[in-house]
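In UniProt numbering, the protein residues as written are 1 to 256. First comes the structure, then the notes that go with it.
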């Protein structure tokens, strides 16, 4: 779960989501994504809160509250933006204030986190979160599949082996994976590879060809085509643009 001051645009998969101080972003699976702060200033800087909700704790709160998942068909997508109500906001503020009271963290943080989970379970995203909190079912299989793809993104993808390991047919894996992530397993792996390559070029100074091979590509021209398809321009031009934008931002901050 994420909330922020200012505004941020996030683009996991092919969709784009925009949220601000009046909305929160809920993700149920870690997706390869890119984010952009679209509204911030020196007077009103961008601040955000990211809170990881352990599935076991979500299930525990779910059971303690006596809730059961709705039997009606619900949206299984892994990402959603919803309005932030007063009770949820107040709990989040109390959690942040613990930064000024470290001695209270061991006792109060677990309680406030459970309250936040409870508020989410009775809020707009209740059906999605309740269903995803239930252990078993195809959703947990998709979480396992996504975790494997993320951990082994630089290795060849054999979809038949992955489906067999999960006890699913290939067609069922494709169907449920796309329902949750809005991507096929191959698209999911490709997105992770390209974002990792971008990080390597920016942080380690790798050339595009070296980054391509590091993340699992066997053909540099194939990598260049897919990179341009995702980010809009060729790899090295993109890296140069990002570096120039960073320098311009730093210069602006110094002048301010």
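For each residue, glycine too, the CB sits at the ideal point set by N, CA and C. Just so we're clear, the structure is a prediction, and the values are computed from it rather than from any experiment.
Query, Result
"Going by the beta-carbon positions, is the gap between residue 234 and residue 201 smaller than 8 Å?", "no"
"Which residues in the same chain as residue 98 place their Cβ atom closer than 7 Å to its Cβ, once the five residues preceding and following it in sequence are excluded?", "104, 105, 108, 109"
"To the nearest angstrom, how far is it from the Cα of residue 242 to the Cα of residue 207?", "15 Å"
"Among the candidates 126, 174, 215, 210, whose CA atom is the shortest distance from the CA of residue 191?", "215"
"Excluding the 5 residues preceding and the 5 following residue 73 in the sequence, name in chain order all residues of the same chain whose CB lies nearer than 8 Å to its CB.", "The predicted model places residue 73 with a pLDDT of 49, which falls under 50 and marks its position as unreliable; any figure quoted below should be read in that light. Result list for residue 73: empty, nothing under 8 Å."
"Which residues bound the alpha helix (DSSP H) around residue 193?", "185 to 203"
"When you compare only the Cα positions, how much space is there between residue 64 and residue 53?", "16 Å"
"Report the three-state DSSP secondary structure of residue 19 (helix, strand or coil).", "strand"
"Pair every Cβ in the segment 113 to 122 with every Cβ in the segment 83 to 99, then say whether three or more of these pairs are closer than 8 Å.", "yes"
"Could you check where the alpha helix (DSSP H) with residue 94 kicks off and where it finishes?", "86 to 97"
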